[in-house]
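Respectively, the protein sequence lines represent chains L, A and C.
For the first sequence, position 165 matches number 164 in numbering that gives the first Met the number 0, and the numbering has no gaps at all.
For the second sequence, position 121 matches number 120 in numbering that gives the first Met the number 0, and the numbering has no gaps at all.
For the third sequence, position 52 matches number 51 in numbering that gives the first Met the number 0, and the numbering has no gaps at all.
Note that beta-carbon positions come from the ideal geometry of N, C-alpha and C, so glycine has one too.
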Amino acid sequence: MTYLVDIEAFHGPLDLLLFLIEKNELDIYDIPIAFITDQYLQYLQTTGEFDLEKMGEFLIMTTYLLNLKSRLLLPRTNPSQSEDEEEQIDPREELVQKLLEYRRYKEAGQQLQQRELGLTERVYYRQAKGEPDRDEVLVVDLAALVRAYRNVMRRLPVPEPEAIIPEGDVNVSDKMMEILEILVQQKGKISFRQLFANISRRREGLALFLALLELIRLQKVKAQQNSPWEDIQLEMW
Amino acid sequence: MRDEIKAAIEAILFMRGERVGADELVEILDIPLLELRDIMRELIGEYYQPGRGLQIMPVDDGYLMCTKSEYSEILARSVQPVKRRLSQAALETLALIAYRQPITRAEIEKIRGVKVERVMANLMERGLIEEVGVKDVVGKPILYGTTQEFLRLYGLTSLKDLPPLEEE
Amino acid sequence: MRDEIKAAIEAILFMRGERVGADELVEILDIPLLELRDIMRELIGEYYQPGRGLQIMPVDDGYLMCTKSEYSEILARSVQPVKRRLSQAALETLALIAYRQPITRAEIEKIRGVKVERVMANLMERGLIEEVGVKDVVGKPILYGTTQEFLRLYGLTSLKDLPPLEEE
């Protein structure tokens with residue numbers, strides 16, 4: 000039976016990954032990438048509705064994991080590496096560091112909460128009430144005012160689409176064609192984020208993503224990321 | 000044990016900084032009311048000593064910790080002006096009014112997407128914005144603008160002095 | 000005389016409810032710094048007695064009056080109902096800012112792996128974080144830090160009081 004996972008319960012892809020690692024009692028320093036990637040994808044596939052902005056973050060992690068998985072599977076191709084330079088950096092190292100760092104602050108946040116609730120020994124300040132009136136000086140900053148205005152303007156709601164098109168099933172092979180067409184228009188190159196920029200529906204986003212994975216598998220499209228967490232560049236082979 | 004209870008009462012009265020009811024103290028400390036009264040008598044006496052700047056006062060069947068009145072003069076000297084900043088919500092609203100004045104509350108709410116009644120009341124109280132007229136549409140809504148005080152505070156000689164916004 | 004000064008210090012620390020600098024006390028009381036330090040040593044010792052629920056702590060070359068930590072449990076029971084709890088996401092972000100301040104939004108997002116704009120607006124609104132400057136790199140991004148209200152809410156006497164982060 001399919002069940003729905005509330006992805007909103009996870010505060011981002013790192014949180015989900017940590018959850019999976021703990022749930023499966025894995026060693027964070029020796030993560031079985033293939034296994035964790037499968038689990039991660041499974042979670043995303045069984046998720047309920049969630050907002051697009053957040054999905055983007057989860058998808059970027061997906062591509063990162065898949066990339067990591069393939070790097071671990073592929074034999075070393077660099078012939079210039081001499082035999083005794085065995086001690087290469089584990090490609091997982093960066094992910095491990097990320098997870099550890101994230102976990103540290105996640106725990107620190109929980110500790111703060113414990114303190115607030117008085118579950119950890121703490122001191123209490125006086126809750127200043129009924130003070131003799133203290134003079135108040137308003138500290139202002141013109142730059143902050145201008146920034147505030149820009150903020151408001153940037154957040155202006157995007158007009159809703161006039162009509163809601165019923166959600167037909169999006170075809171992955173159509174999407175594959177679409178990606179290839181876009182790539183041709185863009186002279187063979189587009190970034191991952193640009194490709195997903197105009198996606199407004201979740202199913203469409205997933206179809207596009209699956210189509211992209213398929214194209215990569217068929218070696219029609221090449222995905223390259225210069226450094227982890229950076230936008231991924233897509234190119235035609 | 001009695002020392003412990005006294006210390007706890009002291010801590011509670013201090014933290015709360017306002018009258019705490021005898022009934023509430025009884026409940027928090029889990030002691031009989033008579034015992035509380037007895038302890039409070041003792042505690043009040045201890046605070047009465049010279050060398051103490053605080054006092055505990057019985058108020059309305061409760062207790063309040065405050066400073067002794069002898070020290071009001073020295074306390075007045077120690078009052079530091081509090082530096083306050085506008086909240087983000089207030090800042091955004093003020094920015095909108097500054098750049099778009101005259102503007103009605105409904106127009107602001109439409110742009111910011113939230114109610115701004117309280118924020119605007121606060122800005123008015125601080126003398127940063129004021130009513131400047133009514134808009135000539137149905138319902139004659141009030142138009143708001145910034146004040147002289149706004150200019151003074153931000154060091155502007157006139158509204159033309161507001162930094163230009165680059166077009167986006 | 001000495002009793003008078005002690006009482007005045009007690010009253011000042013109580014009224015202010017936050018750290019008061021030694022320099023400020025010296026000015027208000029009009030006594031030499033050495034004398035202040037001497038009196039403070041004595042006063043701190045007196046508060047140290049059992050039967051006292053308060054303490055005076057030296058903090059960053061100043062002094063803070065607060066409750067003794069032994070009473071946190073009983074005080075937690077007497078705290079007035081607080082406003083809405085912070086979400087887990089807000090707590091993580093707040094912890095990051097507390098430990099890494101000053102820090103930019105982009106740096107936070109890099110570590111947390113998600114956008115934090117809305118969460119940070121919320122923390123600002125509650126007065127737990129504030130802008131503390133700009134980073135001297137391209138784009139001059141804003142640096143954020145925690146506020147006095149943050150220390151108060153979490154019962155920290157200063158940032159040095161933050162529990163050490165778990166080592167890797």
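| Check | Outcome |
| --- | --- |
| Do residue 110 of chain A and residue 151 of chain L have their beta-carbon atoms positioned less than 8 Å apart in this structure? | yes |
| Would you give the residue range spanned by the alpha helix (DSSP H) that residue 171 of chain L belongs to? | 171 to 184 |
| Roughly how many whole angstroms lie between the Cα atoms of residue 131 of chain L and residue 39 of chain L? | Here the model assigns residue 131 of chain L a pLDDT of 45, short of 50, so the residue's position is not dependable, and the following value carries that caveat. Residue 131 of chain L and residue 39 of chain L: Cα-Cα distance of roughly 57 Å. |
| Among A:116, A:76 and A:73, which has the Cα closest to the Cα of residue 93 of chain A? | A:116 |
| Is it the case that the Cβ atoms of residue 55 of chain L and residue 72 of chain C are separated by a distance below 8 Å? | no |
| At 4 residues or longer, and completely inside the stretch 16 to 71 of chain L: list those alpha helix (DSSP H) runs for me, N to C. | 32 to 44 |
| Would a C-beta distance cut-off of 8 Å place residue 77 of chain A and residue 43 of chain C closer than the cut-off? | no |
| Classify residue 156 of chain A: buried if its beta carbon has 16 or more other beta carbons within 10 angstroms, exposed otherwise. | exposed |
| Is residue 147 of chain A helix, strand or coil when you go by DSSP? | helix |
| With burial defined as no fewer than 16 other Cβ atoms inside 10 Å of the residue's Cβ, what is the status of residue 125 of chain L: buried or exposed? | buried |
| At the 8 Å Cβ level, is residue 8 of chain A part of the contact set with chain C, yes or no? | yes |
| Going by the CB atoms, is the gap between residue 84 of chain A and residue 138 of chain L shorter than 8 Å? | yes |
| Along the stretch 140 to 161 of chain C, where does the CB come closer than 9 Å to a CB of chain A? Name the residues. | none |
| Taking Cβ positions only, does residue 87 of chain C come closer than 8 Å to chain L? | yes |
| Taking only runs that begin and end inside the stretch 105 to 151 of chain C, name each unbroken alpha helix (DSSP H) of 4 or more residues, in chain order. | 116 to 124 |
| Is it buried or exposed, residue 88 of chain L, if we count other Cβ atoms within 10 angstroms and call 16 or more buried? | exposed |
| Going straight from the alpha carbon of residue 138 of chain C to that of residue 105 of chain C, what length do you get? | 12 Å |
| Could you name the residues of chain A that residue 183 of chain L contacts, counting a contact when the two beta carbons are closer than 7 Å? | Within 7 Å Cβ-Cβ: nothing; residue 183 of chain L doesn't reach chain A, min ~31 Å. |
| By the 10 Å Cβ neighbour count, where 16 or more other Cβ atoms means buried, how is residue 136 of chain C classified, buried or exposed? | exposed |
| What are the uninterrupted segments assigned as beta strand (DSSP E) that are 3 or more residues long and contained completely in the stretch 7 to 82 of chain C, given in chain order? | 53 to 57 and 61 to 66 |
| When Cβ atoms are compared, which residues of the stretch 45 to 56 of chain C fall closer than 8 Å to chain A? | 49, 50, 51, 52 and 53 |
| Tell me whether residue 144 of chain L sits in a helix, a strand or coil according to DSSP, three-state version. | helix |
| Go ahead and label residue 114 of chain L buried or exposed: buried means 16 or more other beta carbons lie within 10 angstroms of its beta carbon, across all protein chains shown. | buried |
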